[in-house]
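J.: So the sequence shown is numbered by full-length UniProt numbering: it starts at 1 and just counts up by one. In this text, a Cβ means the ideal position worked out from N, Cα and C, and glycines have one as well. Since the model is a prediction, treat every value here as computed from it, not as a measurement. Handing you this structure, nothing more for now.
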Amino acid sequence: MLKRQATANAMFDFMSLCGQATSKAEVLDGLEAAAKAFGMDCYAIAGIPLPNERLDPYMMLNAWPDEWFERYVRENYVHIDPVIHRTRMSDEAFVWSEALRDVPLSRASRRVMDEATNFGMMDGYSVPLHSVGGFQAIVTFGARKVDLSDEQRGALQMVAIFAHNRLRAFLMEPDLSRMAAALKVTPREREVILWCAAGKTNWEIGQILGISEKTVQHEVASACRRLNSVNRAQLIAEAIRIGIIR
1 MLKRQATANA MFDFMSLCGQ ATSKAEVLDG LEAAAKAFGM DCYAIAGIPL PNERLDPYMM
61 LNAWPDEWFE RYVRENYVHI DPVIHRTRMS DEAFVWSEAL RDVPLSRASR RVMDEATNFG
121 MMDGYSVPLH SVGGFQAIVT FGARKVDLSD EQRGALQMVA IFAHNRLRAF LMEPDLSRMA
181 AALKVTPRER EVILWCAAGK TNWEIGQILG ISEKTVQHEV ASACRRLNSV NRAQLIAEAI
241 RIGIIR
């Protein structure tokens, strides 16, 4: 447990580092030190996808156990995770065990929480972040045990907010050439990118939009050229980064 001064020091040290950071890696290193100071073992920062979207394009920083992250993304757990559901509904930071104590969970939601314990995430502390424009994000910490005073919770929440804001600043640094390219993306290309982000195949997108699979391939290739992307994953991430889709 951190004493009061140590709590303040951990928070202000991270805030100072964040303000001086020149790369995502520096934020990662600072957040790792801060997380450990508060007794947290792992953490992640991500935007929250819409119901028809996948999580991976929204990941901003990931320090979860590799196997757990791969399973979480592969199984699309983000849409059945009760922690994410709570984050969508509230802007108050919370300890998982406290927030979910009296919440009836579906079998699928319970499975997510049970499987997380296999990777040392018996409990956690999550900070929801909601923007005026409707964008939702989460900074989430996992641990075998969460034992935080009210002061420590407030300090860790500030750490989370600073980390997220600094990462967003890096991701949204002006890039006039790409922004100009974004303006050239056609409505049809944007529509195709949106369905790509939802995990649909070219054939499925064609069926949804009433166009041929070959036309879908052409639209994807055209959008990739405009956004200087070499594959679908990069195309989706870039489209999200510059605001073509969210």
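In this structure, how does DSSP classify residue 228 when only helix, strand and coil are distinguished?
T.: In the sequence shown, the residue the question calls residue 228 occupies position 228. The answer is coil: DSSP assigns residue 228 none of H, G, I, E or B.
J.: Could you give the uninterrupted runs of the beta strand (DSSP E) lying entirely in the region 134-160, keeping only those of 3 residues or more?
T.: DSSP runs (the beta strand (DSSP E)) wholly in the region 134-160: 136-143.
J.: Short of 6 Å in beta carbon distance, which residues of its chain neighbour residue 7, apart from the five on each side in sequence? Order them along the chain.
T.: Taking the first residue of the sequence shown as 1, we reach residue 7 at position 7. These residues qualify, in order along the chain: 151, 152, 155.
J.: Would you say residue 126 and residue 83 are within 8 Å of each other, going by their C-beta atoms?
T.: Along the sequence shown, one-based indexing puts residue 126 at 126. Along the sequence shown, one-based indexing puts residue 83 at 83. Their beta carbons are under 8 Å apart, which means residue 126 touches residue 83 by this criterion.
J.: Which runs of the beta strand (DSSP E) at least 3 residues long sit entirely within the region 48-117? Give them in chain order.
T.: Runs of the beta strand (DSSP E) inside the region 48-117: 59-63.
J.: Could you give the first and the last residue of the continuous alpha helix (DSSP H) run that contains residue 27?
T.: Translated into the one-based positions of the sequence shown, residue 27 becomes position 27. Taken as a continuous stretch (DSSP letters only), the alpha helix (DSSP H) holding residue 27 covers 24-37.
J.: Going by alpha carbons, who is nearest to residue 35 out of 211, 166, 157?
T.: Within the sequence shown, residue 35 is the residue found at index 35, counting from 1. Ranking the options by Cα distance to residue 35, first place goes to 157.
J.: Pick helix, strand or coil for residue 127, following the three-state DSSP scheme.
T.: In the sequence shown, the residue the question calls residue 127 occupies position 127. DSSP places residue 127 in strand when its eight states are reduced to three.
J.: If you measure between the beta carbons of residue 54 and residue 197, is that distance less than 8 Å?
T.: Locating residue 54 in the sequence shown gives position 54, counting from the first residue. Locating residue 197 in the sequence shown gives position 197, counting from the first residue. It is a contact, given that the beta carbons lie within the stated cut-off.
J.: Considering just the uninterrupted stretch of the alpha helix (DSSP H) at residue 6, what are its terminal residues?
T.: Against the sequence shown, residue 6 aligns to sequence position 6. First-last of the alpha helix (DSSP H) with residue 6: 4-20.
J.: Just verifying my parser: in three-state terms, what is the DSSP assignment at residue 1?
T.: Sequence index remark: in the sequence shown, residue 1 carries index 1 (1-based). Reliability fails at residue 1, whose pLDDT of 49 lies under 50, so the model's placement of it is uncertain and the value that follows must be treated cautiously. Note: residue 1 maps to coil in three-state DSSP.
J.: Given a threshold of 16 other Cβ atoms within 10 Å of its Cβ, counted over all protein chains shown, does residue 18 qualify as buried or as exposed?
T.: Against the sequence shown, residue 18 aligns to sequence position 18. By the neighbour-count rule (16 or more Cβ atoms within 10 Å), residue 18 is buried.
J.: Which whole-angstrom value describes the C-beta separation of residue 185 and residue 216, a residue pair presumed to lie in contact below a C-beta threshold of 8 Å?
T.: The sequence position of residue 185 within the sequence shown is 185, counting from 1. The sequence position of residue 216 within the sequence shown is 216, counting from 1. Between residue 216 and residue 185 the Cβ distance is about 15 Å, and since that is not below 8 Å, they are no contact.
J.: With three or more beta-carbon pairs closer than 8 Å as the criterion, would you say the region 199-208 touches the region 56-66?
T.: Touching, no, given that fewer than three Cβ pairs across the two stretches are closer than 8 Å.
J.: Within the same chain, show all residues whose beta-carbon is closer than 8 Å to that of residue 51, passing over the 5 residues directly before and after it, in chain order.
T.: In the sequence shown, the residue the question calls residue 51 occupies position 51. Excluding residues within five positions, the ones whose Cβ falls inside 8 Å are 79.
J.: Of the choices 115, 94, 244, whose alpha-carbon is the least far from that of residue 68?
T.: Reading the sequence shown from its first residue, position 68 is the one you call residue 68. The candidate whose alpha carbon is nearest that of residue 68 is 115.
J.: Grab me the residues of residue 144's own chain with a C-beta within less than 6 Å of its C-beta, minus the 5 sequence neighbours each way, in chain order.
T.: Position 144 of the sequence shown, counting from 1, holds the residue named residue 144. Here the set comprises 120, 122.
J.: What does the alpha-carbon distance come out to for the pair residue 213 and residue 91?
T.: Walking along the sequence shown from the start, residue 213 turns up at place 213. Walking along the sequence shown from the start, residue 91 turns up at place 91. When rounded, the distance between both Cα atoms is 42 Å.
J.: So the candidates are 97, 65, 234, 99; which of them puts its Cα closest to the Cα of residue 44?
T.: Stepping through the sequence shown from its first residue, residue 44 is reached at position 44. Among 97, 65, 234, 99, the Cα nearest to that of residue 44 is on 65.
J.: Alpha carbon to alpha carbon, how far is residue 238 from residue 229? Give it in angstroms, no decimals.
T.: Start at 1 with the first residue of the sequence shown, and residue 229 comes out as number 229. Start at 1 with the first residue of the sequence shown, and residue 238 comes out as number 238. Cα to Cα, residue 229 sits roughly 8 Å from residue 238.
J.: Have a look at residue 1 and residue 140 and give me their C-alpha separation to the nearest angstrom.
T.: Stepping through the sequence shown from its first residue, residue 1 is reached at position 1. Stepping through the sequence shown from its first residue, residue 140 is reached at position 140. For residue 1, the predicted structure reports a pLDDT of 49, less than 50, and the residue's modelled location is therefore unreliable. The matter cannot be settled from this model.
J.: Assign residue 136 to one of two classes, buried (16 or more other C-beta atoms within 10 Å of its C-beta) or exposed (fewer than that).
T.: On the sequence shown, residue 136 is found 136 positions in, with the first residue counted as 1. Per the 10 Å Cβ criterion, buried.
J.: Alpha carbon to alpha carbon, how far is residue 190 from residue 236? Give it in angstroms, no decimals.
T.: Stepping through the sequence shown from its first residue, residue 236 is reached at position 236. Stepping through the sequence shown from its first residue, residue 190 is reached at position 190. Computed Cα separation, rounded: 10 Å.
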